[in-house]
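A.B. asks:
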Amino acid sequence: MPTTLDAVVFDFDGIVLDSETPEYESHRRIFERCGAALTPDEWCAQIGVWTQGHHERWHARLCDVSPQAPDWPAFASEQTRLFQVLVPGSPMRGIRDLLDALLARGVKTAIASSAPARWVAPAAAGIGVSGLFRAIVAGDQVAHRKPAPDVYLEAVRLIGADPRRTVAIEDSAPGLASARAAGLKTIVIPHWLTARHDLSGADLRVAHAGELTIDRLEALIAVHAVDGAPAAR
Numbered sequence: 703m704p705t706t707l708d709a710v711v712f713d714f715d716g717i718v719l720d721s722e723t724p725e726y727e728s729h730r731r732i733f734e735r736c737g738a739a740l741t742p743d744e745w746c747a748q749i750g751v752w753t754q755g756h757h758e759r760w761h762a763r764l765c766d767v768s769p770q771a772p773d774w775p776a777f778a779s780e781q782t783r784l785f786q787v788l789v790p791g792s793p794m795r796g797i798r799d800l801l802d803a804l805l806a807r808g809v810k811t812a813i814a815s816s817a818p819a820r821w822v823a824p825a826a827a828g829i830g831v832s833g834l835f836r837a838i839v840a841g842d843q844v845a846h847r848k849p850a851p852d853v854y855l856e857a858v859r860l861i862g863a864d865p866r867r868t869v870a871i872e873d874s875a876p877g878l879a880s881a882r883a884a885g886l887k888t889i890v891i892p893h894w895l896t897a898r899h900d901l902s903g904a905d906l907r908v909a910h911a912g913e914l915t916i917d918r919l920e921a922l923i924a925v926h927a928v929d930g931a932p933a934a935r
């Protein structure tokens with residue numbers, strides 16, 4: 703059956719895999735042990751972007767607020783241990799079914815992430831979905847990370863997709879800005895940590911990937927192809 707939908711490009715962290723919760727929680731628990739608080743409001747501002755020295759910055763913050771802060775090697779080791787304990791072993795709700803449906807229909811798929819390739823590729827393989835994507839583009843494989851459009855432009859290029867018939871699925875404001883700048887239609891699935899972001903610019907907002915069907919994605923493309931009107935929410 704012909705499709706107006708050419709491709710779907712997925713953010714990774716917080717969309718395909720809930721690595722956002724263990725990343726925050728591993729830091730929060732160390733802060734708590736040291737008698738300090740790390741709130742979701744403090745944490746959420748940096749979700750969706752990637753900066754060199756991310757973990758070192760939170761260690762420095764802990765040292766500023768607590769005399770009980772461990773040294774850097776101990777902090778890094780414990781944060782890594784906690785993250786590995788907490789990170790899920792399966793994709794987020796509805797993702798696997800959606801990927802299977804897209805594959806069955808012949809719709810192209812890719813990952814576009816700001817995170818480095820040394821994390822994204824093994825993590826996707828670890829939850830058994832890497833073979834369902836035609837391309838995985840990481841932040842260190844392009845000139846500029848999100849909110850710049852580079853990762854989405856590269857993903858679309860690699861899979862040979864038409865941006866006008868491609869949907870991006872995101873969970874953060876920087877990711878949404880990146881996909882929109884690349885000319886893709888956008889769906890947001892807010893993570894509990896990114897619900898604080900301004901996601902109002904998305905074409906569609908859903909609670910989880912299980913709410914997405916091929917027909918719903920097709921309709922999103924079709925509406926915009928006709929008159930550019932915003933999709934129903």
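Quick note: the sequence shown uses this note's numbering, first residue 703, plus one each step. By construction, the Cβ of each residue, glycine as well, lies at the ideal position given by its N, Cα and C atoms. Computed from a prediction, not measured in an experiment: that's the story for all the values here.
1. How is the alpha helix (DSSP H) around A826 delimited, first residue to last?
2. Could you compute how far the alpha carbon of P865 sits from the alpha carbon of F785?
3. In this structure, does DSSP put F673 in helix, strand or coil?
4. Got a sec, what are the start and stop residues for the beta strand (DSSP E) T888 sits in?
5. Is the region 721 to 733 touching the region 765 to 782, taking contact as three or more C-beta pairs under 8 Å?
6. Determine the DSSP secondary structure at A883, reduced to helix, strand or coil.
7. Could you name the residues that DSSP lists as bridge partners for L906?
8. Exposed or buried, V711, counting other C-beta atoms within 10 Å across all chains shown (16 or more means buried)?
9. With which residues is E872 paired in a DSSP beta bridge?
10. When the Cα atoms are used, what is the spatial distance from R795 to L878?
11. With which residues is T811 paired in a DSSP beta bridge?
12. Looking at C-beta atoms only, is the number of pairs between the region 908 to 927 and the region 862 to 876 that lie closer than 8 Å three or more?
13. Is it buried or exposed, W760, if we count other Cβ atoms within 10 angstroms and call 16 or more buried?
14. Under the three-state reduction of DSSP, which class applies to I749: helix, strand or coil?
15. Could you tell me whether the Cβ atoms of R783 and T811 are closer together than 8 Å?
16. So, do the region 872 to 891 and the region 826 to 833 have three or more beta carbon pairs nearer to each other than 8 Å?
17. According to DSSP, is A934 part of a helix, a strand, or is it coil?
18. Which residue marks the beginning of the alpha helix (DSSP H) containing V767, and which one marks its end?
19. Between which two residues does the alpha helix (DSSP H) carrying A776 extend?
20. Report the partner residues of L719 according to the DSSP bridge assignment.
21. Can you grab the Cα-Cα spacing for the pair S721 / H910, in whole Å?
C.D. replies: In short, the structure shows the following:
1. A819 to G828
2. 35 Å
3. No statement about residue 673 is possible, as the shown extent of the chain runs from 703 to 935 and does not include it.
4. K887 to V890
5. yes
6. helix
7. I889
8. buried
9. V890
10. 20 Å
11. V710
12. yes
13. buried
14. coil
15. no
16. no
17. Any reading at A934 is ruled out, since the residue's pLDDT is 36, under 50, leaving its predicted position unreliable.
18. H756 to V767
19. W774 to L788
20. D715
21. 15 Å
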